[in-house]
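Report on the structure given below.
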Amino acid sequence: MDKKKLARLIGQWGSFTVLMLVLLAAPLFLSDFRLIQLGKFLTFAIIALGLDLIWGYGGMLSLGQGLFFGLGAYGFAMYLKLQASGGKLPDFMFWSGLKELPWFWVPFQSPVFALAAALLVPGLLAGILGYFVFRSRVKGVYFSIITQALTLLTSIWFVGQQAYTGGTNGITNLGSAQIFGHSLQSPPVQRGFYLATVVALAGVYLLCRWLTGARFGRLLVALRDNEERVRFLGYDPVRLKVVVFVLSAMIAALAGILFVPQVGIISPSSMGVVPSIEMVVWVAVGGRGTLLGAVVGALLVSYGRSYFSESYPDIWQIFLGALFIGSVLLFPQGIVGSLAALPQRVKGLLSRRPSPAGGEAGNEPLIQVTATHAEGRS
Amino acid sequence: MPQTTNAKAILELEEVTVSFDGFKALDGLNFRMAYGELRFVIGPNGAGKTTLLDVLTGKTRPQRGTVLFDGRVNVTRTPEHELVRQGIARKFQTPTIFPSLTVYENLEAAAGFREGVVGLMGRLDPERQERIEEVLELVALRPRAAVRAGVLAHGEKQWLEMAMLLVQEPKLLLLDEPVAGMTRAERNRTGELLQAIASRCSVLVVEHDMEFVRNFASRVTVLHLGRLLTEGPVAQVQADPRVIEVYIGRSYQAEIAA
Amino acid sequence: GGSSASNNAAESSPAEAEPAASTPAAAAESAAGEGGDTIKVGILHSLSGTMAISEVSVKDATLLAIQEINANGGVLGKQLEPIIEDGASDWPTFAEKARKLIQQDGVAVVFGCWTSASRKAVLPVFEELNGLLFYPVQYEGLEASPNIFYTGAEPTQQIIPGVDYLVNELGAQSIYLLGSDYVFPRTANLIIKAQLEHLGVTLAGEEYVPLGGTEFSTIISKIQEAQPDAIFNTLNGDSNVAFFKQFKDAGFTAETLPVMSVSVAEEEVRGIGPENIAGHYTAWNYYQTTDTPENEAFVAAYKAAYGEDRVTSDPIEAGYFGVYLWKEMVEKAGSVAVDDVRAAAQSGEITFQAPEGLVKVDPENQHTWKIVRIGKINESGLIDEVWSSGEAVRPDPFLQNIEWAAGLAEGLSQ
Amino acid sequence: MDALILQAFNGISLGSILLLVSLGLAFAFGLMNVINMAHGEFIMVGAYVAYVFQLLLAPAMGGVEAGLWFLAAIPAAFLVAALLGGLMETTLVRHLYGRPLDTLLATWGVGLILQQAARSIFGAPNVNVVSPAWLNGGADIGAGFLLPYKRIFIIGLVLLVVVAMYLYLYRTSQGRRLRAVMQNREMASCLGVRSRWVDATTFALGTGLAGVAGCALTLIGPIGPSLGTFYIVDAFMVVVLGGVGSLPGTILAATAIGVTNTVLELGTTATVGKVLVLLAVIVFLQWKPSGLAALQTR
Amino acid sequence: MLELHQVSVNYGESPILRDIHLQVPSGQVVCLMGRNGVGKTTLMKSIMGLLKLRSGDIHFEGERVTHWRTSQRARAGFGYVPQGRGIFPYLTVYENLLMGFEAAENMGREEREAALEEVYSLFPVLKEMRHRVAGTLSGGQQQQLAFARVLIRRPKLLLLDEPTEGIQPSIMLEIEELILALRERGEMSILLVEQFLDFALNVGSYFYVMETGAIVLEGDAGNFDRAAAREYLAV
Ligand SMILES: Nc1ncnc2c1ncn2[C@@H]1O[C@H](COP(=O)(O)OP(=O)(O)OP(=O)(O)O)[C@@H](O)[C@H]1O
Ligand SMILES: Nc1ncnc2c1ncn2[C@@H]1O[C@H](COP(=O)(O)OP(=O)(O)OP(=O)(O)O)[C@@H](O)[C@H]1O
Ligand SMILES: NC(N)=O
Ligand SMILES: [Mg+2]
Ligand SMILES: [Mg+2]
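Note that the protein sequences, when read in sequence, are chains A, B, C, D and E.
Be aware that the first sequence starts at 2, since it is given in my numbering, and climbs by one per residue.
Be aware that the second sequence starts at 3, since it is given in my numbering, and climbs by one per residue.
Be aware that the third sequence starts at 113, since it is given in my numbering, and climbs by one per residue.
Be aware that the fourth sequence starts at 3, since it is given in my numbering, and climbs by one per residue.
Be aware that the fifth sequence starts at 212, since it is given in my numbering, and climbs by one per residue.
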C-alpha cells in the first residue's frame, strides 16, 4: 500500500524533481554561453506553461503570448536601459532626435515600478481584451486571429515609435546597467538571473499544476469541451476565461522580465507574429494539456533549433521543419503526452488494437475552426 | 412587465414571438405553468418546442413578448448563466456533456456552479459531494463514475446530463426529449424519476413518445406552428381531432382505440 | 597589395599579457591564438529569413577571401577556420550567435551583420566580451565602437554625397524621402533633412514602409501629388522590388522622376529587374564595373567560385576586403588578440588595395577611407559610375566636420 | 476627382491582391479545417514557376516580352502547386484530420522546408520575372494618373478565379461532394463519397490557387524564398474576418481591408494605416464574432 | 445477404463487441435490440466500415467485404441512418438529399427525380423546406432528412440506428408502414436498431437481443422469446 503510494508520488513528481535538480546544478557543468542559453530557453518554458494553461486546458489558442512576453520584457528593459545610460538620455532617443526623457519613461527609473508595470500592464491588457472578446463570444480561430492582430499591431507600432521604443533595434546595449552594485553582465548577476529563472519556472509550474488539479482546472477543460454547457450550468464563462487569459499573459510577462537581463536585448521581432506561433509550436511538440510537456517542448525545440543551426547553418531550417513534421507523426499527443500514453499503447498493440477507420478523430477540436460545426443541436 | 394574476405561476409567457429571417418559430405564444407541476409539451416536428426552451434559458431572445420566471425574473433580459443560478436548468435535445472529463468530474463541475474562481480552487463541500453520490445512485451511473464521459453510450450520456442538472437542485427543470434512445424499462424509470423530482421542483418535458406521455403526464400542452394548439389533461388532448390530425396520426389513434 | 604591415610583429605580445576585459574573452583568444595550427574566425549573417536575400552573398564573399588567404599561406602561418552562424534575420539571435562565436568557439574575429539593427544587437556583446566585428555595410553613422571595424560607408561617404548629386548635378529643388521603417532610414533621413535645409531644397514628403512591405500604390499616389524633382530612397530589402515595379507601372521613368537609392546594389537590381530600374541612381563606394585591376581579379574570382551569373556589389566587396584588412592588422600586430589588433589599427598604417581602390583604416574611428561613387543603373543590370569623389573620403561618422550638421550631430551623438 | 478614382482603384486593387492570396487559404481552412501554415510557401512556389517558365520557355514562346510564357505559367503554377499540395495532403495532412493543431505544426514545418529548398535551388537573392510587354503602362485617367494594366490584369484574374470557384463549389456535384465531406466526413463516406480523393483534390485546389496568386504577384512584387511570409498573416486576417468557410465573406473582407487600408494610409502613413486596419479588424470581430458572413445554424 | 462471423471490435483496449454472429437474410427486416451501451451502434459502425474489426469477417451478397472502405460498401448498396442524424448542416435540404445519390451511379435522371418525389410525399416538410440550410431544421426534421436521404437511392441493405428517435408519432407510423411495405416487396434487407419494442415486433421478421457486446437471444417472429427479451431490455 505504502509502496504504491510512493510509486504514484514518483510518477507524479519524479520527472519534475529530477528536472529541477538538473537545472539547479547546471551552472556547475555548463559553460557561460550554454548557461545563458539555457536560461533563455527556460524563460521560453515559462511562456509555454502559461500557454498550455490557456490553450491545452482552456482550449483558447492565444497567438498573442509573444505580445505579453514582449511587454514584460520591454518594461524591465526600460529600467535597465535608464540604468545603463547613467542619467543621460538613452542612446536611441538621441539619434531619433529626442531632447529629453518622455514622461512615461520617467517612472521606470524605479525598479519596483518597472517590475510592477512589466507584470501588470500585460495583465491589464489581457484583461481588457479578454473581457471584450469573451463577452462578445469570440471563439476558436477568431480569438486566435484577434490576438494575432493585436500582436502584429503592437509590434508594428513599436517599430514605428523609434524615439520611444528603440524601433526595430529594440532596447539593447544594457551592459553597463547595475544590479545590486554589480554590472548586469558580471557572472554573479548572470548566475543570479539564471537561478531566478529556474525558481520562477518551478513556481509557475507548481501554480499551474495546482490550478489545473483543482476543480477550476477541470472547469477549464469543460470550457474547452463545451462552452455552451458550461454557461448553461450557471457559470459565467467570460469571467473564467478572463482569469486564465490574464494569468497566462502575466506568466508570459514574467518570462519576458527574466529574458531581458540574460539575453541583453528585446526587440519587436521577439514579440511579433512568428515568435508567437513558435510558442504554440513548443507546446504542441511537447504535448498539450501536460504541463511538463510544455516545458519539455520549449526546451527541446529551442535546443533543436540551436543545435541544427550551429551544425548546418545553411540549411538548418530543413532539419527543424523535419523535426516538427516528425514529432507530429510520431507523437500525435506531443512527446510527453505520447510517452505517457505509451504503456497503454504497447498493451493495445499486443492485443492487436483496432483503430477507428474513418477520418473521425479525437473529439477535441483545439481550434474550433467552425465553432458552429461542433455545437450541439439544442 | 405582465401582471402576475396568479401568484403561483413559476413561468408566464405572453405573446412571445421568435422569428428567423421572417420564419416564425414561435408566433405570439402564451404559456403558463404552476409551481410543482410536471408539464409535458408535445407537438409536431418543427412546432417550436426546442425554441421555447431556448427562450426560457436565454439562448434565444424573442423579438416580442415577455417571459417571467418565479414571479420576478425577467427572463428575456437576464444573462444565461444568471438564469441557471436563478434556478432554470436545461437538458439539451442531444446529450451535451464534457467528453474529456470523467462522469464524476462532470457532476462536480455541475455542482460547483455557484462558486467563484477562488472557491473553485478548493474542494467541493461535503454536502454537495453527498448530493453527487446520491444522484449517481439515482441514475445508475455509479459504476461508471471514473469513466471518461466521451466514451459513454448515447443513453448513458442522456442520464449523465440529467444527473448534472439534478445535482444543481433547480426550481425549474427543462428536458428536451429525455427518453430518446432508451428502452421501455429505462423510460419507465425515467418517468418515475421525473415524478419524484416534480415534488421538489417544476418540470417541463418535451417528448414525442406518446406512451411515455400517457403514463406520466397529467397536463399536456400542444404546440403547433409556434402557437398553442391546445392544453389539458392527456386523455382530452390525445382525443382532440386537431392533435390527431397534425401530430398523432389517424391509424395510431385507431390502434389505441382498439 | 597590402604589404605595409606584413611581418611587423615586433611589438606584439601574447594575448594573455594584456589585461583583457573579461576572462572568457581571454580564454577565447588563447584558444584562437595558440591552440593548434588554425585560427578560428566567425561569419555571422542572416542565412534564413528576409535578410538572407542580401546577406548570403556577403557570406560567400567573406568565405572567398578566407579561402584565398588560406591558399596563400594563411595568417601568421596559420590557416583560417571559418565558423558560420545564421543570424536568421532576428536581432536577438544575432546577439546570441555572436556570444556563441566568441565565448564558445573562441573565434579571433567575426565578419558579419547587415542591418544596423543586427549590429546594434551584437555591439554590446562584442564590447562585453572584447570581441572583434568587421561590419561590411553602409549605415547611418553616429557610432564608433572600439570592437567594431566599419568597412562600409558612413553618411558622409554615401548619403550626403548622394543628396548633393541630386541637387547639384540633377538640379533637384524638391526631394521626397522614402524609407523602410527602421533605424537606418529614419536616422539617415534626419541627416538628410538637415542637409536639405542647408541646401535650401524643399522636402516634398517623407514616408516609411514596414520592412518587407510590398504595397506601394498609395505611397506612389502621394508622391504623385507631391510632385518632387527626385526621390531619395532608403528602402531596404524586398520592398525595393515592389516599389520599383509599381513605380514604373504608375508611369514614372528615371527621366521624369529620378530615384537615388543607397541600399540597392547590383544584386538587388537583378531582383528588381533592370527593365524596371534602369536609369535610376545609386550611391556607393564600389560597383562591379569599377575599373581597377584588383576588381577585375576579384570579380573573376567571385564568379569562378560561385557561378558566372553572380554579380558583385558594394557590401559583397566590403565583406571581402574586410578579411584582408584584418589580416593586415593581425600581421602588423603579430597576434590575433583583439587589443593587439586594435593597437595595430591605431597605428594608422593599415591599408589594403581593395577592388574599390586603396582603403585605409582610420585610426580614430575604425571606419575606412573610401572613394564615393554615384552610379547610374544600366539596361544590363550593372551600374555605371557617373560621378566619383576621386580620392578616398575620410570617415566622419559623427559628422564633426560638417557645419550644417553641427546642431544635429550634437543631439545625435553622445 | 481623378485622384479619387485612383484611390478607389488602389483600394480595389489591394483588395484583389488580398483576395488572391487568401482564396487558397480559405479553401483549406474554411472547408477542411486545415490550417495550412505553408500556404505562403505555395504562393512562393507559384512565383518560382513563373521564373522557371521565363528562363526555359520564354525563348521558345516568342520571347520574354511577348508574354505568352506568362499566360502559360499561370495554369502551370496552379498545377505545380496543386501537385505539391496533393502530395502533402496524401503523405502528411491526411493523417492529421480532426487534429487542426497538428496540421498547423506539420505545415509550419513544411513551410520551413520549402523556404529552405527554394533558397538551395534558386539561391538566396531575389530573382526577377520580366512582365509581358503588353502589361506595361496603364489606362490614362487624366492628370497624369494611370491605372496600371498589371493591376487591372490581377483584378480580372481574381474575378475569374472567384467565379470559377463559385461555380465549382455551388454548381457542380463535385463541389457539393466537397462541402459534404468537409461538414461530415464520416457520413459522406457512408453515402458513398470517396472522401480521400475529395480531400486530396480539395487541398490541392487550395494550394493550386496559392500558386496562381504567386504567379500573378510576380508582376508587382519581389520573388524570393521568403515571399510567402509577406502575405500569410494578411491572408489569415482576410479569411477570418470574412467568416471561416464563407466565399462571399472572404470576398467582402478582402475588399473591405483593401479599401480601408488604402484610405487610412492616404490620411496617415503606411505604418499607422496598417495599425489602424488591424485595430478595425479587432473591433469589428467584437461586433460580429464569427466574421462578416458567418454561416448560421443553430 | 449480410453475414457477420465471429466479429469482435475494441475501442482502444476495451472490447466492445465479442464474437458476434448475425445474419440479415435477403428482403427481411432484422431487429437488433438491447439496452443502452451494449454496443448496437458499434456494431452498425463496424458493418459500415467505420470501425475496424479486431477479428471476424463480414460478407455481403456472398462477397467478403471485411476490408472494404466505407464508400465502397455504400456503393455496393449499404445505406446507413446513423444515430444522431449525421446531416450536412451547411448544405440545403435539397443538397443533402442529392448527396443520397452519391452511391447510385447508375440511376438515371428520371429515376432520381421520381425517387425525390417519393420521399417528398413521404416527408412533406422536406419539400417545403428544401431550400433551407439543413442545420436550422428542428431535431425531428433533421431525422426525417437523414432517413429520406438514404431511402432515396434504394439501397440493398438498410442499416437503421434508432431512426424514429425524435420523430413525431404520425410520421413514425408512416415510417412503420414504409418498412412494412419494403418488407412486403422484399427488395431491401433491413437491419434495424430500435428501442420501441412494439415498433420492432411489428415490423421485424427476425430478432436479436444484445447484452454487453454479445448476442444473447435471437429468433424469428414465431419462436422469439419475448418475455426473455423484455427481461434483457429491463435494467
Ligand atoms: N436558426 C434558425 N433558422 C431558421 N429556422 C429555424 C432556426 N431555428 C429553428 N428554426 C425553425 O423553427 C422551427 C421550430 O424549431 P424547433 O427546433 O423549436 O422545433 P421542435 O418543436 O423542437 O421540433 P422537434 O420535435 O423536431 O425537435 C423549425 O421549423 C425550425 O426549422
Ligand atoms: N469512442 C469510444 N471510445 C471508447 N468507448 C466507446 C466509444 N464509443 C462508445 N464506447 C463504448 O462502447 C459501448 C457501446 O456503445 P454503443 O454506442 O455501441 O452502445 P449502444 O448500444 O448503441 O447504446 P445506445 O442505445 O445508448 O445508443 C459503450 O459502453 C460505450 O461506453
Ligand atoms: N545599415 C543598414 N543598411 O541597415
Ligand atoms: Mg426539438
Ligand atoms: Mg447507439
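Here a beta-carbon is modelled for each residue, glycine too, at the ideal position from N, C-alpha and C.
Computed from a predicted model, the values in this text were never measured in an experiment.
- Against chain D, the CB of A/Q318 has a partner CB under 7 Å away; the residue lies at that interface.
- For the stretch 175-201 of chain A, the residues whose beta carbon sits under 8 Å from a beta carbon of chain C are, in order, L175, G176, Q186.
- Secondary structure note for E/L228: its beta strand (DSSP E) is the uninterrupted segment 225-235.
- Using a Cβ-Cβ distance cut-off of 8 Å, the stretch 157-165 of chain C and the stretch 192-208 of chain C are in contact, since at least three pairs of beta carbons, one from each stretch, lie closer than that value.
- Ligand 3 approaches C/Y251 closely enough that one of its heavy atoms is under 6 Å from the residue's Cβ.
- Using a Cβ-Cβ cut-off of 7 Å, A/S271 is close to P204 of chain C, given in chain order.
- Look at E/S282: its C-beta is under 7 Å from a C-beta on chain D.
- Taking a beta-carbon distance threshold of 7 Å, B/P46 does not count as an interface residue toward chain A.
- With 7 Å as the limit between CB and the heavy atoms of ligand 5, the residues that fall short of it are B/A155, B/H156, B/G183, E/K251, E/T252, E/Q294, E/D372, E/E373, E/V404.
- B/L85 places its beta carbon 7 Å or farther from that of B/E14.
- In chain order, I266, I267, S268, P269 place their CB closer than 7 Å to the CB of A/G171, counting only its own chain and leaving out the 5 sequence neighbours on each side.
- In this structure, ligand 3 has a non-hydrogen atom nearer than 6 Å to the beta-carbon of C/S228.
- Along the stretch 264-287 of chain D, the positions whose C-beta sits under 7 Å from a C-beta of chain C are T264, E267, L268, T271, A272, T273, K276, read in chain order.
- Scanning chain C for C-beta atoms nearer than 7 Å to the C-beta of A/F34 yields R211, K212, Q215, Q216, reported in chain order.
- The C-beta distance from B/T232 to B/R41 rounds to 14 Å, too long to fall under 8 Å, and the pair is not in contact.
- Distance from C/E255 to C/F296 at the Cβ level is roughly 11 Å; contact not present, criterion being Cβ atoms closer than 8 Å.
- In terms of beta-carbon proximity, A/Y304 stays away from the interface with chain B, with every pair separated by 7 Å or more.
- Looking at the DSSP output, E/F418 bridges to E/C242, E/G430.
- Beta-bridge partners of C/E497 (DSSP): C/G487.
- The closest heavy atom of ligand 3 lies 6 Å or more from the beta carbon of C/F355.
- Excluding the 5 residues flanking it on each side, A/T166 has same chain C-beta neighbours closer than 6 Å at F159, in chain order.
- The straight-line gap separating the alpha-carbon atoms of A/L54 and A/F325 is approximately 22 Å.
- It is roughly 14 Å from the alpha-carbon of B/G193 to the alpha-carbon of B/E39.
- Closer than 7 Å to the CB of E/N221 there is not a single CB belonging to chain B.
- In this structure, the straight-line span from the alpha carbon of C/A362 to that of C/T368 is close to 12 Å.
- The C-beta of B/E158 has 16 or more other C-beta atoms within 10 Å across all chains shown, which makes the residue buried.
- Within chain E, the residues placing a beta-carbon under 7 Å from that of B/I250 are P380, S381, ordered along the chain.
- Taken atom to atom, the span from the alpha-carbon of C/V249 to that of C/I495 is near 18 Å.
- Taking each of E/R284, E/R265, E/S266 in turn and checking the Cα distance to E/E274, the smallest one comes out for E/R284.
- With a cutoff of 7 Å on beta-carbon distance, C/Y288 and C/A338 are scored as near each other.
- For C/H392, the number of other beta carbons within 10 angstroms of its own is at least 16, and it is reported as buried.
- A distance below 7 Å separates the beta carbons of A/A150 and D/I284.
- For the stretch 153-164 of chain A, the set of positions with a beta-carbon nearer than 8 Å to some beta-carbon of chain D reads L153, L154, I157, W158, V160, G161 in chain order.
- In the three-state reduction of the DSSP assignment, D/M189 falls in the helix class.
- Going by DSSP, D/P102 is part of the alpha helix (DSSP H) stretching over 102-124.
- Between ligand 3 and C/F223, a heavy atom-to-CB distance of less than 6 Å is absent.
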